[in-house]
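Numbering (this note's numbering), first residue to last: 1 to 424. Cβ coordinates follow ideal geometry from the N, Cα and C atoms, glycine included. Quick caveat, the model's predicted, so the values are computed rather than measured.
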């Protein structure tokens, strides 16, 4: 998202991707629905992310937004509007959107170290089949999810203490099933689903308090998010590798349970596994401001707001099968200062590595929120590069005007004005 926004705003943009496709968690980890475009019926994310939903629908990769209740089986229901999609179509849409914007995309590039010019990040060094190579840049955006570039550049990060590293929220390995009768499953009453799930948990066949899946437009495929891999420090290569294997072992048990117990899944077959496990938390940068759970729940207004979130804060318990949900009463603002790494120039954070408390991060890591943040930091990077300024030196009002011009919602007042506008 940041790369598309930067290129559309005139920057010569290079996107270095470690995997084989764009989309990150949505595609490589098969988390096949975008959450947090809406709070209730109020849309809080527009701009480039909204445009991409239309492009996905145009290729048959989704039939639009659906109502969904998060946490229903766990007894903490939170109604949402979500955008389920076919991840393979999303890969193609993102390829095309990046190409249309003029982004130079390089897959299979692994970050090695930053290029430092004093306290300024002037580029990165990566490893690929071409060997080790340096790429210089007027502005660098770290969208690694793990704050990898920021940490290597000397930015202090939260989430690195040994205590927190071993109390991470669980990882999830998603998987795709074919030959599912989704319509039949939908006829099963919630109470009966709950009874079946509790039985599976008691027998050790399930790891999650819900039959959680996204159906594709065909109605015969299900992308399931039902594994729960606990005690994983995703900053450890050994533990992350263990998580991949454990996830695949859990999937076998889950599929056997679904075949035997759940109406509509009797003839389901395993058709695919995510390329990589989904990780909920690792590092969070220390920035110019730390967004807290109180900011989210109280709706703190920020003069430097650059995107809106809708939550909820969903905290997956490290030691059990459940989650805790905290629903914000209104859209919350995300200040630019959370994306400016303290003590370093020329660098922006994007996605879930922004500066938040641990609880608040559970509300900002939803993909639509990360997409809105990406548009903001990409736009700022382009403005900074074009004017020879560092991102921190660009007045936030200049960025806010550019985002508004490109259709983004920047402050809660933008939503309130839209809601108050007369129809037609």
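Spatial distance of residue 130 from residue 18 (CA atoms) = For the purposes of this step, residue 130 is identified with residue 130 of the chain shown, where counting begins at 1. For the purposes of this step, residue 18 is identified with residue 18 of the chain shown, where counting begins at 1. Cα to Cα, the separation comes out at about 14 angstroms.
At which residue ranges does the stretch 360-395 contain complete alpha helix (DSSP H) runs of 4 or more residues, listed in the order of the chain?
-> Under the rule that a run must span 4 or more residues, the alpha helix (DSSP H) segments found entirely inside the stretch 360-395 read 367-387.
For residue 404, which three-state DSSP category applies?
-> Residue mapping note: residue 404 aligns to position 404 of the chain shown, counting from 1. Helix.
Put residue 267 into one of helix, strand or coil per three-state DSSP.
-> Within the chain shown, residue 267 is the residue found at index 267, counting from 1. It is coil, neither helix nor strand.
Since residue 81 is in the beta strand (DSSP E), which residue starts that stretch and which ends it?
-> Position 81 of the chain shown, counted from the first residue, corresponds to residue 81. Run containing residue 81: 78-84, per the beta strand (DSSP E) assignment.
Is the stretch 372-384 in contact with the stretch 300-318, if contact means three or more CB pairs nearer than 8 angstroms?
-> Contact holds: three or more Cβ-Cβ distances are below 8 angstroms.
Leaving out five residues on either side along the sequence, give the residues of the same chain with a beta carbon under 8 angstroms from the beta carbon of residue 404.
-> Within the chain shown, numbered from 1, the residue matching residue 404 stands at position 404. Here the set comprises 410 and 414.
3 or more residues per run - each beta strand (DSSP E) lying fully within the stretch 4-51 | With a minimum length of 3 residues, the continuous beta strand (DSSP E) runs that stay inside the stretch 4-51 are 14-16 and 33-35.
For the 8 angstroms Cβ check, are there 3 or more pairs between the stretch 26-36 and the stretch 265-279?
-> As far as the Cβ criterion goes, the stretch 26-36 touches the stretch 265-279, which means the pair count is three or higher.
May I have the straight-line CA-CA distance separating residue 323 from residue 121, to the nearest angstrom?
-> Reading the chain shown from its first residue, position 323 is the one you call residue 323. Reading the chain shown from its first residue, position 121 is the one you call residue 121. Rounded to whole angstroms, residue 323 to residue 121 spans 38 angstroms at the Cα level.
Span of the beta strand (DSSP E) around residue 427 = With the chain running from 1 to 424 in the structure shown, residue 427 is simply not present.
If you count every other CB in all the chains shown that lies within 10 Å of the CB of residue 377, and 16 or more means buried, which is it?
-> The count along the chain shown starts at 1 and reaches residue 377 at position 377. By the neighbour-count rule (16 or more Cβ atoms within 10 Å), residue 377 is buried.
Three-state secondary structure (DSSP) of residue 255 = Along the chain shown, read from residue 1 onward, the residue named residue 255 stands at position 255. The answer is helix: DSSP assigns residue 255 an H, G or I state.
How many angstroms separate the CA atom of residue 286 from the CA atom of residue 346?
-> Along the chain shown, one-based indexing puts residue 286 at 286. Along the chain shown, one-based indexing puts residue 346 at 346. When rounded, the distance between both Cα atoms is 15 angstroms.
Say yes only if the C-beta of residue 143 is nearer than 8 angstroms to one or more non-hydrogen atoms of the ligand GDP, and no if none qualify.
-> No copy of the ligand GDP occurs in the structure displayed, which carries no ligand at all.
C-alpha distance - residue 412 paired with residue 153, whole-angstrom precision = As a first step, residue 412 must be located in the chain shown, where it is residue number 412. As a first step, residue 153 must be located in the chain shown, where it is residue number 153. When rounded, the distance between both Cα atoms is 34 angstroms.
Would you list the residues sitting across from residue 67 in a DSSP beta bridge?
-> Sequence index remark: in the chain shown, residue 67 carries index 67 (1-based). Residue pairing by DSSP puts residue 67 in a beta bridge opposite 81.
At least three beta-carbon pairs within less than 8 angstroms, the stretch 200-217 to the stretch 11-25 | Contact between the stretch 200-217 and the stretch 11-25 is absent, because fewer than three Cβ pairs lie under 8 angstroms.
Straight-line CA distance for residue 1 to residue 202?
-> The residue given as residue 1 occupies position 1 in the chain shown. The residue given as residue 202 occupies position 202 in the chain shown. When rounded, the distance between both Cα atoms is 42 angstroms.
Pick from 141, 358, 43 and 12: whose alpha carbon is nearest that of residue 350?
-> As a first step, residue 350 is located in the chain shown; it is residue number 350 there, counting from the start. Here the closest residue by C-alpha is 141.
Distance, residue 290 Cα to residue 355 Cα | Stepping through the chain shown from its first residue, residue 355 is reached at position 355. Stepping through the chain shown from its first residue, residue 290 is reached at position 290. Each residue's alpha carbon lies about 5 angstroms from the other.
Would DSSP call residue 424 helix, strand or coil?
-> Start at 1 with the first residue of the chain shown, and residue 424 comes out as number 424. Caution is warranted here: a pLDDT of 47 is assigned to residue 424, below 50, making its placement in the model unreliable, and the coordinate value is therefore given only provisionally. Coil, per DSSP.
Residue ranges of each alpha helix (DSSP H) within the stretch 108-192, 4 or longer = For the stretch 108-192, whole alpha helix (DSSP H) runs of length 4 or above, ordered along the chain, are 148-152, 162-165 and 182-186.
Neighbour flag for residue 311 against chain C, beta carbons, 9 angstroms = Among the chains of the structure shown, chain C does not appear; only one protein chain is present.
Of the residues 41, 408 and 124, which one's Cα is nearest the Cα of residue 66?
-> Taking the first residue of the chain shown as 1, we reach residue 66 at position 66. Out of 41, 408 and 124, 41 has the C-alpha closest to the C-alpha of residue 66.
Determine, using beta carbons only, whether residue 150 and residue 344 come nearer to each other than 9 angstroms.
-> Start at 1 with the first residue of the chain shown, and residue 150 comes out as number 150. Start at 1 with the first residue of the chain shown, and residue 344 comes out as number 344. Cβ atoms of residue 150 and residue 344: closer than 9 angstroms.
Chain-order list of residues whose beta-carbon lies under 7 angstroms from that of residue 239 (same chain, five-residue window excluded) | By one-based count along the chain shown, residue 239 stands at place 239. Non-local beta-carbon contacts of residue 239 in its own chain, meaning distances under 7 angstroms to residues more than five positions away in sequence, involve 232 and 233 in chain order.
Through-space distance from residue 226 to residue 173, alpha-carbon basis | Position 173 of the chain shown, counted from the first residue, corresponds to residue 173. Position 226 of the chain shown, counted from the first residue, corresponds to residue 226. In a straight line, the C-alpha of residue 173 is about 8 angstroms away from that of residue 226.
Does the Cβ of residue 99 have 16 or more other Cβ atoms within 10 Å, making it buried, or fewer, making it exposed?
-> Position 99 of the chain shown, counted from the first residue, corresponds to residue 99. It counts as exposed.
Determine which residues share a DSSP beta bridge with residue 224 and list them.
-> The residue labelled residue 224 in the question sits at position 224 within the chain shown. When DSSP reads this structure, residue 224 sits in a beta bridge with 175 and 213.
Paired residues, beta bridge with residue 326 - DSSP = For the purposes of this step, residue 326 is taken as the residue at position 326 of the chain shown. Answer is 313.
Range of the contiguous beta strand (DSSP E) that encloses residue 333 | One-based indexing of the chain shown puts residue 333 at position 333. 332-335 is the extent of the beta strand (DSSP E) around residue 333.
Give the DSSP-derived three-state secondary structure of residue 318 in the structure shown.
-> Counting from one through the chain shown, the residue named residue 318 turns up at place 318. If DSSP states are grouped into helix, strand and coil, residue 318 belongs with coil.
Select from 297, 264 and 87 the residue whose C-alpha is nearest the C-alpha of residue 183.
-> Counting from one through the chain shown, the residue named residue 183 turns up at place 183. For residue 183, the closest C-alpha among the options 297, 264 and 87 is that of 264.
Are residue 36 and residue 367 touching if we call contact CB-CB under 9 angstroms?
-> One-based indexing of the chain shown puts residue 36 at position 36. One-based indexing of the chain shown puts residue 367 at position 367. In this structure, the beta-carbon distance from residue 36 to residue 367 falls below 9 angstroms.
Could you check which residue in 221, 258, 206 and 266 has the C-alpha nearest to that of residue 247?
-> As a first step, residue 247 is located in the chain shown; it is residue number 247 there, counting from the start. Among 221, 258, 206 and 266, the Cα nearest to that of residue 247 is on 206.
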